[in-house]
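If you're matching positions, the first sequence starts at 723 in our numbering and goes up one per residue.
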Amino acid sequence: MPEGHTVHRLARTFGEVFGGQAVEVSSPQGRFAAGAALVDGLVLHAAEAVGKQMFLGLGPADHSPSAPGLADDLRWVRVHLGLYGSWTFASDGSAEVSHAIGAPRKRVGERETVLAAAAPEESVLAAWEPPDPRGAVRVRILSAHAVADLTGPTACEVISPEAALAVQRRLGPDPLRSDADPERFVSAVRRSRSAVGLLLMNQDVVAGVGNIYRAEALFRAGQSPTTPGRDVPGDVLHEIWDDLVVLMADGAAIGAIVTTRPEHRGDGAGAPPPRGRRAVRQNTDAAPGAVPRDESFYVYQRDGLPCRVCGTEIARSEMAGRNLFWCPSCQRDDRR
DNA sequence: TTGGAATGGACAA
DNA sequence: TGTCCCTTCCAAT
């Protein structure tokens, strides 16, 4: 389920679980054997997310983050999950490995394996053994206490610091990064005759937005997807940006995309929003307070269903080969 | 057992 | 615009 929020969450997890540790890197499936050999045994010094891409910086143990020119002796593993890439984590129970995030599956983002700690009498002597790789594992990253397996990525390669920077510079601003410049997004859209729905999916315009955030952000702004970018008012674009910052940060925090406001969820048509502090949303379906998937979106994959706000049937069509969902009434072309 | 679909993107024409 | 690639899951055969 890799939109930007997932990748940021993953980068955070890598930092927590493997940061500062020497890792064994291998390619059980074989396709990354050469790349794995370049970083095997190095220490993970950095885990960065930019848009939908993750960069793991590995280098010698004595590499000091404060040293000038530090990036020069790091090797970067660039991973792009694409449509169905996913990471699966497992640990001996000692590490803070609490989630695995990946491609669409029944329980979205929840392939999770946290092995029970070994029985006490064994644990003294027996080292933890990671589980066998499951499926076509392109990369395995292994420390003394945890393992991460990567399957199905669109991209996975070892690159130089310069190449990593070049990739990052090409991308548009990322709503999840504090160094992002919203004006770059606004001006890129307003320079273009392309439909705003197309531009939101363009990683050079805004990095990290995928099909769900595209559909939901346009709905929440009351903006038609087909309006040419140059005709979308600047204040609407700023509104969309600000909304993305909140929505995606929320998604990164809870591990799931939820864009519906409480008053628009199906459960209690008219159920009053909770008073006082907002309820904390949880990641897994089983967690109390979690918003079920079928109440999480306004328009995404809701074609044929009534709009949560106005009751009009949600529409679907294709835009550049991807499904596009919108409410023909709330997002009328002439409304903005 | 097969095949379609999925939160993506690179590339060719 | 179309084609291809990466992999998994599940409904339909």
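Glycine included, every Cβ here is placed at the ideal spot set by N, Cα and C. This one's a predicted model, so the numbers in the text were calculated from it and none came from an experiment.
The secondary-structure analysis by DSSP pairs glutamate 1035 across a beta bridge with Pro1028. For asparagine 933, the enclosing alpha helix (DSSP H) starts and ends at 933 to 943.
Looking at the DSSP output, glutamate 770 bridges to Phe777. By the CB criterion at 8 Å, valine 1013 and arginine 987 fall inside the cutoff. Beta-carbon to beta-carbon, valine 799 and valine 880 are separated by about 6 Å, close enough to satisfy the 8 Å threshold. The stretch 1011 to 1026 makes no contact with the stretch 911 to 926; the number of CB pairs closer than 8 Å stays below 3.
For the pair of segments examined, the stretch 883 to 900 was found not to touch the stretch 748 to 767: the number of CB pairs separated by less than 8 Å stays below three. Rounded to the nearest whole angstrom, the CA to CA distance from leucine 796 to alanine 759 is 14 Å. Residue range 877 to 881 is occupied by the beta strand (DSSP E) that includes isoleucine 881. Between the C-alpha atoms of leucine 803 and asparagine 933 there is a straight-line separation of about 15 Å.
Under DSSP, arginine 753 shares a beta bridge with no residue. Scanning its chain for C-beta atoms nearer than 6 Å, with the 5 sequence neighbours on each side dropped, one finds around tryptophan 963 the residues Pro904, Phe907, in chain order. Between the stretch 848 to 857 and the stretch 731 to 742 there are fewer than three inter-stretch CB-CB distances shorter than 8 Å, so the stretches are not counted as touching.
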